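In this note's numbering, the protein residues as written are 22 to 234.
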């Protein structure tokens, strides 16, 4: 016979009986990132935004979000499909009135009917669950911020930047005129060199297709 667990003495203050262990904290998906990193500037004067540490962590978080919602959707669908199949394949109501009961053949036919109905229901629901999960996750992840260096920023237009660098290096007298000829104003160039971009910027024009990322 097993002995019941004895409670520790009241006056026992050993680490074993007084320390409370906690589970390790779940790492944050996003962290604060300075949007205007400047050397020598105090941290108190900077503005911060929450961003994924790199495109890989952003993609991994999106895949995990999509997987969890899809699995939860499928779990709910199995219950609904099971109830629908059982209701659709039940014996005719009039058999109970005549006292005939349900034969073994009826039970076998019902089992086969339920299997076919479940298979068809789950097949149709699977596609809907995937679409539902993608719709729910994409709303948040397309606008999420991601840490990138200036050279890797997908918003950076190297063709126009090279024009600007050439004008400055050559000390062209018509520098002001050439700047006006560029397709984007100077404010946009400053935006291109930011340390973060959005998820939709990584995907390009086809923001709905995460599978090609």
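Positions of the beta carbon are idealized from the N, C-alpha and C atoms, including for glycine. Since we're looking at a predicted model, the values are computed, not measured.
- Item | Inter-residue spacing [alpha-carbon to alpha-carbon] between residue 219 and residue 169 | 10 Å
- Task: Pick out whichever of 31, 46 and 45 has its Cα sitting closest to the Cα of residue 39.
- Result: 31
- Look up residue 129 in the DSSP assignment and say whether it is helix, strand or coil. helix
- Flag residue 164 as yes when its Cβ comes closer than 6 Å to any non-hydrogen atom of the ligand SAH, and as no otherwise. This structure lacks the ligand SAH; in fact it carries no ligand of any kind.
- Task: Output yes or no for whether 7 Å exceeds the beta carbon distance between residue 255 and residue 134.
- Result: Within the shown structure, residues of the chain are numbered from 22 to 234, placing residue 255 beyond reach of any answer.
- Message: Can you list, in chain order, the residues of its chain with a C-beta nearer than 8 Å to that of residue 76? Leave out the 5 residues immediately preceding and following it.
- Response: 167, 169 and 223
- Message: As a quick exercise: from 43, 164, 128 and 85, pick the residue whose alpha carbon is nearest that of residue 113.
- Response: 128
- Query: Relative to the C-alpha of residue 144, which residue among 116, 102, 126 and 107 is closest?
  - Reply: 102
- Message: Are the CB atoms of residue 217 and residue 72 within a distance shorter than 7 Å?
- Response: yes
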